[in-house]
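Trainee: Got a structure here, written out as structure tokens. Questions coming.
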Amino acid sequence: MIRLFKEFIKKFAKENDLKLIVVGFDYKWCDDQIIVTPRQFLSVMKHAQYVVTSTYHGTVFSTLLKKKFVVIHPSIKVIDYLEQIGLKKISFLESGYDNFSKFLLDDIDYDLVWDKLNTLREFSVHCINENLNK
């Protein structure tokens with residue numbers, strides 16, 4: 011799916027003087043294509059200025075690391091996660107470049123996101139404990 015966004019991604023990188031790094035995919039149009047260990051993945055994510063992803067893990071780590079990001083053509087699992095934390099960071103090809111770029115440039119209220127994540131964590135721990143004690 012990300013190949014469909016190739017021109018949007020390249021244009022955004024050029025306009026913002028960014029290097030394109032792709033992790034785990036063979037996209038020759040990027041500046042660097044890398045295969046990484048889980049630890050290296052976290053380092054790449056930590057140092058990224060922006061993240062464009064279509065994956066659940068890319069989305070979760072973008073929020074955990076408080077990144078400016080956009081999700082393109084996500085799975086239901088990603089949509090559900092974004093809805094639970096109150097973010098609408100999904101760009102569709104039909105929405106055009108301006109929509110794509112806006113999602114990347116917009117600030118995210120990570121205090122609000124973290125409040126929602128903490129509420130979800132507490133609920134998860136409660137459910138686990140309740141079921142283990144039956």
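Quick note, the working numbering runs 10 ahead of the 1-based positions in the sequence shown. Yeah, the Cβ is synthetic: ideal placement off N, Cα and C, and Gly gets one too.
Can you check whether the CB of Val70 is closer than 8 Å to the CB of Tyr37?
Mentor: No, the pair does not count as a contact, with Cβ atoms beyond the cut-off.
Trainee: If you scan the segment 68-126 from start to end, which runs of the beta strand (DSSP E) of 3 or more residues do you find wholly inside it?
Mentor: Listed in chain order, the complete beta strand (DSSP E) runs (minimum 3 residues) inside the segment 68-126 are 78-82.
Trainee: I believe Tyr66 touches Leu114 by the beta-carbon criterion, under 8 Å. Please report the beta-carbon distance rounded to the nearest angstrom.
Mentor: Not a contact, Cβ separation roughly 19 Å.
Trainee: What are the start and end residues of the alpha helix (DSSP H) that includes Gln43?
Mentor: Element bounds for Gln43: not the alpha helix (DSSP H) but the beta strand (DSSP E), 42-44.
Trainee: Go through its chain and collect everything with a Cβ distance to Ser72's Cβ below 6 Å, but skip five positions before and after it.
Mentor: Correct list, in chain order: Val61, Phe79.
Trainee: Quick one: is Lys16 near chain D, going by C-beta distance under 8 Å?
Mentor: Protein chain content of the structure displayed is limited to a single chain, and chain D is not contained in it.
Trainee: Mind checking Thr63: buried by the 16 CB within 10 Å criterion, or exposed?
Mentor: So Thr63 ends up on the buried side.
Trainee: Alpha carbon to alpha carbon, what distance is there between Leu74 and Val135?
Mentor: Their backbone Cα atoms lie some 18 Å apart in a straight line.
Trainee: Spell out the partners DSSP gives Val135 in its beta bridges.
Mentor: Answer by DSSP bridge pairing: none, since Val135 is not bridged.
Trainee: When you compare each of Tyr120, Pro48, Val33, Lys112 to Lys77 by their alpha carbons, which one comes out closest?
Mentor: Minimum Cα distance to Lys77 is reached at Tyr120.
Trainee: Is the closest heavy atom of the ligand ATP to the C-beta of Phe15 under 7 Å?
Mentor: No copy of the ligand ATP occurs in the structure displayed, which carries no ligand at all.
Trainee: Pull up the CB-CB distance for Ile118 and Ser101, whole angstroms please, since I reckon it's below 8 Å.
Mentor: So it is not a contact: roughly 14 Å between Cβ atoms.
Trainee: Roughly how many whole angstroms lie between the Cα atoms of Val33 and Lys144?
Mentor: Taking the straight line joining both Cα atoms gives about 43 Å.
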